[in-house]
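**Student:** In the working numbering, the protein residues as written are 982 to 1123. Using N, Cα and C, we set each Cβ at its ideal position, and we do this for glycine too. For clarity, every value in this text was computed on a predicted model and none was experimentally measured. Please find one structure pasted underneath; my questions will follow.
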């Protein structure tokens, strides 16, 4: 029996691989699956998803399975962080700082609140919450 030249089979195999894997996502690996027979393509496909089988004609026909392996493409860059939340609106707080009376009316209450909360734009007024008591109520940014 005459020995068949290896080069034509090798070129055919390279053409087959290049046509099957026109866009390579990872490395290409080969696995020898033993003797080449009619079940070669199904053995290759079941062992390696997307694998393509070919029969290597060097001394004995061998089922060679070609499949993608190894690292895939570089991971995509991470998503940008979500936008920062909007700055909070100026929150207004209220606090009672004592009672109002004939000796401490709205002007007096406002002065006390301005002095107690100067950096927070404090201001105040007398509120008749529970008669007969008037409460000096301060409003300020918090």
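Taking only three categories from DSSP, how would you classify residue 1021?
**Tutor:** Residue 1021: helix per DSSP, three-state reduction.
**Student:** Find out if the Cβ-Cβ distance for the pair residue 1077, residue 1107 is shorter than 8 Å.
**Tutor:** Not a contact, by the Cβ cut-off of 8 Å.
**Student:** Classify residue 1089 as helix, strand or coil using the three-state DSSP reduction.
**Tutor:** Helix, per DSSP.
**Student:** Tell me whether residue 1118 sits in a helix, a strand or coil according to DSSP, three-state version.
**Tutor:** DSSP places residue 1118 in strand when its eight states are reduced to three.
**Student:** By how many angstroms is the C-alpha of residue 1030 removed from the C-alpha of residue 1019?
**Tutor:** Residue 1019 and residue 1030: Cα-Cα distance of roughly 18 Å.
**Student:** Determine whether the Cβ of residue 1091 lies closer than 8 Å to any Cβ atom of chain D.
**Tutor:** Note that chain D does not occur in the displayed structure, where there is just one protein chain.
**Student:** With 16 as the cutoff for other CB atoms within 10 Å, does residue 965 come out buried or exposed?
**Tutor:** This structure cannot speak to residue 965, because the chain is shown only from 982 to 1123.
**Student:** Do residue 1121 and residue 1081 have their C-beta atoms within less than 8 Å of each other?
**Tutor:** Not a contact, by the Cβ cut-off of 8 Å.
**Student:** Among 1065, 1023, 1034 and 1085, which one has its Cα closest to the Cα of residue 1009?
**Tutor:** Checking every option, the nearest Cα to that of residue 1009 belongs to 1034.
**Student:** How big is the Cα-Cα spacing for residue 1101 and residue 1086?
**Tutor:** The straight-line gap from Cα to Cα measures roughly 22 Å.
**Student:** In this structure, how does DSSP classify residue 1096 when only helix, strand and coil are distinguished?
**Tutor:** Looking at residue 1096 - three-state DSSP - the assignment turns out to be helix.
**Student:** So who's on the other strand from residue 1077, going by DSSP bridges?
**Tutor:** Looking at the DSSP assignment, residue 1077 forms a beta bridge with 1118.
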